[in-house]
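In our numbering, the protein residues as written are 47 to 816. Backbone N, C-alpha and C define an ideal beta-carbon position, used for all residues, glycine too. Here the structure is a predicted model, which is why all the values come from computation and not from measurement. Have a look at the structure below, then the notes.
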């Protein structure tokens, strides 16, 4: 132990000394070998709380088990690991014995310990399987998750001539899978793995889905691997109404967008969820079905009814023994405490993800093609059943019965149909998980969103204004005027250098499917119309590459010009659609469009921006994620910042003379606000329609209604607005909410019915405050 503490790691298992001991339980004496175990310092740094690996002598068993570990409950995050195993068992997944015991060594009471079963024949047969080899990642060999080295448990048994054939076949299957020679369905029992991943989500035991944690049992009857849950170690913080950083992601979210250490730890799971770089819909649907099953209220209530007494009993022993917090990498500061609300919150989180969302769109591309678009993730299983159409005043249905893709657009084709003169109004969708049918109207207004006519008409214009150098497009001159619409296709990089000027006149508008890099730390870039001849603006969209915009002045822009031939609606002067953008040190002045800047389904970062004399909304952000900091908003006719369905932070921002709302959050937005000041404005921070807004360090002076929360659209859940450490001066009323909403502040809140609050906020009937 002393040597390992100096090295901060134990030797490899085969280099560890085994000590002969006598083990006594219920008066029965057994012989065993014991050694220290563990890959973290916490396992062995404290002699009184060390972790041990034991193997009983030949033909001796304890609880029917030959190999097991003894460790403090802290090592696996206390009762969370027990719950993880119990729900796994409930779903027919192999379950190790994981129980709480009292341990004495040489007569000294070491307190509460966990008995954790090892991996052998007894485990497999107790779980009603045919004995087969069990594999684990060999952590003593440094490898990446996409090229792992595995070791086999009970090596001596599986090396015997009568057993090694099946062990070799199983081992080869694993290697062929990770070498991309076999597909996931050829190697794994997908029902068992889908159930396991759902259990991981429900219990938040994501460490258990790491390749180094879960064990692989090879079932010799079907030739497929099943999971053996192990080392789940829930390391999410406790859910609490004041915990602003609670992670509501589930496995599919993490696999799609891993961050930090997740990139390596969860890479191997992409092999389940993706096939040929596309979502593996068959496996995903299995996973979603299990998520739906185990997150239901009846399932949760039944599990708690059967197990809550045991959970409370275990916790009483934990609290009486040793209960310092352990979060895998950090431990010692803070206390463990069990919240039933963690369990219930995660179940509700999963249920909410699986609900049918209205944030979807059905577009008509042409007479034979419709496009189903998701503006939020479609976690549930949807089937496009029938199109409701009419021809010559006669109504009829067109059967489709087509599965909708979960996270990508789905094209719906009318095959062998006489579509001349047909007008289709809506699509009947069946939600398999929630077993209900709902209808989605065809969005004729935006149906030619692909800019097809625009592309055809203006696709050659960009070469009149830009020089083409390989894939880079640069302005022909340092100052150039564009007086006609331009379309820039994908595959380019548009560069506007510091000090250059781009004038848009005659309401000229640029649509680009290539990213833009505008300006730098040097001189200022001008992108502007003229006072008597306004420009249109720019839309950058449908590109995964990031656009960088720095030191730019935008002014005298009016947005996209709508006329009888307009194919689509673009609301902002500067727009970003399904892309990524960084904006730094920019200004918007004298903007006459619906939004000065509109960000839709994109990732964004806005740093040090100024908005002055904006005729409508300054920033409109829809279904996007990002940050706004160090900004100023002066003289804005409508909302300064308007969020819909977005996840964002707002920090260090100043507002003056905002004619409507300073910050408005709607349609299930999640917004964190810190250190803002607002002066002489109508409304301050608004949360509506299922949104959750957390604000602190707020200073409002002359804001008539500083805080409000209400439900405007009944299809959403109730909103939450939490505010801390605020200073309010010269207001009419501090906060107002309807009967569905929840405002958490230190002051009394005026509660109004929904009609009154809508009239107050939108019609400005201030007499209602009386």
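Let me check understanding here. Comparing Cα to Cα, which of 233, 650, 626 and 218 lies closest to residue 591? For the purposes of this step, residue 591 is taken as residue 545 along the chain shown, with counting starting at 1. Residue 591 has its Cα closest to that of 626, out of 233, 650, 626 and 218.
Note down the Cα distance separating residue 665 from residue 558, rounded to an integer number of angstroms. Against the chain shown, residue 665 aligns to sequence position 619. Against the chain shown, residue 558 aligns to sequence position 512. Residue 665 and residue 558: Cα-Cα distance of roughly 20 Å.
Counting pairs of Cβ atoms below 8 Å between the stretch 773 to 782 and the stretch 746 to 754, do you hit three or more? yes
Using DSSP bridges, identify the partner residues of residue 783. Position 737 of the chain shown holds residue 783. Answer is 755 and 797, bridged to residue 783.
Can you tell me whether residue 59 is buried or exposed, with buried defined as 16 or more other CB within 10 angstroms of its CB? Numbered from its first residue, the chain shown carries residue 59 at position 13. By the neighbour-count rule (16 or more Cβ atoms within 10 Å), residue 59 is not buried but exposed.
For a test of the three-state rule: what should DSSP assign to residue 495, helix, strand or coil? Reading the chain shown from its first residue, position 449 is the one you call residue 495. Residue placement at residue 495 cannot be trusted, given a pLDDT of 45 that sits under 50; what the coordinates show is reported in the next sentence. Of the three classes helix, strand and coil, the one that applies to residue 495 here is coil, per DSSP.
Report yes if the CB atom of residue 368 is closer than 8 Å to the CB atom of residue 86, and no otherwise. As a working mapping, residue 368 is identified with position 322 in the chain shown. As a working mapping, residue 86 is identified with position 40 in the chain shown. Not closer than 8 Å, so no.
So is residue 578 buried or exposed if we call it buried at 16+ other beta carbons inside 10 Å? Counted from its first residue, the chain shown places residue 578 at position 532. Label assigned to residue 578: exposed.
Mind listing, in chain order, the continuous beta strand (DSSP E) runs of no fewer than 3 residues lying wholly within the stretch 695 to 743? Qualifying beta strand (DSSP E) stretches, in chain order: 707 to 712 and 716 to 734.
Give a yes or no on contact between the stretch 340 to 356 and the stretch 423 to 437, applying the rule of three or more CB pairs nearer than 8 Å. no
Limits of the beta strand (DSSP E) - the one that residue 222 falls within: The count along the chain shown starts at 1 and reaches residue 222 at position 176. No beta strand (DSSP E) holds residue 222; the alpha helix (DSSP H) holding it covers 210 to 224.
Just curious, the alpha helix (DSSP H) that residue 139 is in, first and last residue? Reading the chain shown from its first residue, position 93 is the one you call residue 139. Unbroken run through residue 139: none, as it is neither H nor E.
Might you give, ordered along the chain, the residues of its own chain that have their beta carbon closer than 7 Å to the beta carbon of residue 177, omitting 5 neighbours on each side? Position 131 of the chain shown, counted from the start, is the residue given in the question as residue 177. Closer than 7 Å at Cβ, skipping near neighbours: 167, 170 and 171.
Ranges of the beta strand (DSSP E) found wholly within the stretch 619 to 687, counting only runs of at least 3: 626 to 637, 641 to 646, 649 to 660, 663 to 668 and 671 to 682
Using 10 angstroms around the beta-carbon of residue 205, count the other beta-carbons present and answer buried if the total reaches 16, otherwise exposed. By 1-based counting over the chain shown, the position of residue 205 is 159. Classification of residue 205: exposed, given that the 10 Å Cβ count is below 16.
Do you know offhand how far residue 672's Cα is from residue 649's? If you number the chain shown from 1, residue 672 lands on position 626. If you number the chain shown from 1, residue 649 lands on position 603. Using only the alpha carbons, I get a separation of about 6 Å.
Residue range of the beta strand (DSSP E) that residue 115 falls in? On the chain shown, position 69 is the one that residue 115 refers to. Residue 115 -> beta strand (DSSP E) spans 113 to 117.
With a CB to CB cut of under 6 Å and the five nearest residues on each side skipped, what residues in its chain are close to residue 525? As a first step, residue 525 must be located in the chain shown, where it is residue number 479. So the list reads 547, once near-sequence residues are dropped.
When the Cα atoms are used, what is the spatial distance from residue 273 to residue 187? Position 227 of the chain shown holds residue 273. Position 141 of the chain shown holds residue 187. The straight-line gap separating the alpha-carbon atoms of residue 273 and residue 187 is approximately 22 Å.
With a threshold of 16 other CB atoms inside 10 Å of the CB of residue 252, please say whether the residue is buried or exposed. The sequence position of residue 252 within the chain shown is 206, counting from 1. Classification of residue 252: buried, given that the 10 Å Cβ count is 16 or more.
For residue 832, which residues from the same chain have a beta carbon less than 6 Å from its beta carbon, with the 5 sequence-adjacent residues on both sides left out? Residue 832 lies beyond the range of the chain shown here (47 to 816); nothing can be said about it.
Applying the criterion that 16 or more other CB atoms from any shown protein chain within 10 Å of the CB defines a buried residue, is residue 238 buried or exposed? Locating residue 238 in the chain shown gives position 192, where the first residue counts as 1. Answer is buried; the Cβ neighbour count reaches 16.
Would the stretch 566 to 582 count as touching the stretch 595 to 605 if we require 3 or more Cβ pairs under 8 Å? yes
Using C-beta distances below 8 Å, list every residue in its chain close to residue 488, excluding the 5 sequence neighbours before and after it, in chain order. Sequence index remark: in the chain shown, residue 488 carries index 442 (1-based). Answer for residue 488: 408, 409, 410, 416, 470, 471, 472 and 473, listed in chain order.
Give me, in chain order, the residues of the same chain whose beta-carbon lies closer than 6 Å to that of residue 264; leave out the 5 immediate sequence neighbours on both sides. Here residue 264 is taken as the residue at index 218 of the chain shown, counted from 1. 178, 179, 216 and 271, listed in sequence order.
So, residue 147 versus residue 130, is the Cβ gap smaller than 8 Å? For the purposes of this step, residue 147 is taken as residue 101 along the chain shown, with counting starting at 1. For the purposes of this step, residue 130 is taken as residue 84 along the chain shown, with counting starting at 1. The Cβ atoms of residue 147 and residue 130 do not sit closer than 8 Å to each other.
DSSP-derived helix/strand/coil call for residue 254: If you number the chain shown from 1, residue 254 lands on position 208. Looking at residue 254 - three-state DSSP - the assignment turns out to be helix.
If you follow the alpha helix (DSSP H) that residue 445 is part of, which residue opens it and which one closes it? Within the chain shown, numbered from 1, the residue matching residue 445 stands at position 399. Where residue 445 is concerned, there is no enclosing alpha helix (DSSP H), although the beta strand (DSSP E) it sits in stretches over 440 to 449.
Buried or exposed, going by whether 16 or more other CB atoms sit within 10 Å of the CB of residue 427? Indexing the chain shown from 1 puts residue 427 at position 381. So residue 427 ends up on the buried side.
Are there three or more Cβ pairs, one per stretch, closer than 8 Å when the stretch 275 to 287 is compared with the stretch 333 to 344? no
Identify whether residue 145 lies in helix, strand or coil by the three-state DSSP scheme. Position 99 of the chain shown, counted from the first residue, corresponds to residue 145. Residue 145: strand per DSSP, three-state reduction.
Which same chain residues, not among the five before or five after residue 330, have their C-beta less than 8 Å away from its C-beta? As a first step, residue 330 must be located in the chain shown, where it is residue number 284. Excluding sequence neighbours, residue 330 sits near 298, 319 and 452.
Rounded straight-line distance, which links the Cα of residue 706 to that of residue 551: Within the chain shown, numbered from 1, the residue matching residue 551 stands at position 505. Within the chain shown, numbered from 1, the residue matching residue 706 stands at position 660. Approximately 30 Å between the Cα atoms of the pair.
Contact check, residue 799 vs residue 764 under 8 Å by CB: the rounded distance? Position 753 of the chain shown, counting from 1, holds the residue named residue 799. Position 718 of the chain shown, counting from 1, holds the residue named residue 764. In fact, because the Cβ distance is near 14 Å, the residues do not count as touching under 8 Å.
Can you tell me the Cβ-Cβ gap for residue 135 and residue 141, rounded? I've got them flagged as a contact below 8 Å. Taking the first residue of the chain shown as 1, we reach residue 135 at position 89. Taking the first residue of the chain shown as 1, we reach residue 141 at position 95. Sure, about 4 Å apart at Cβ, within 8 Å.
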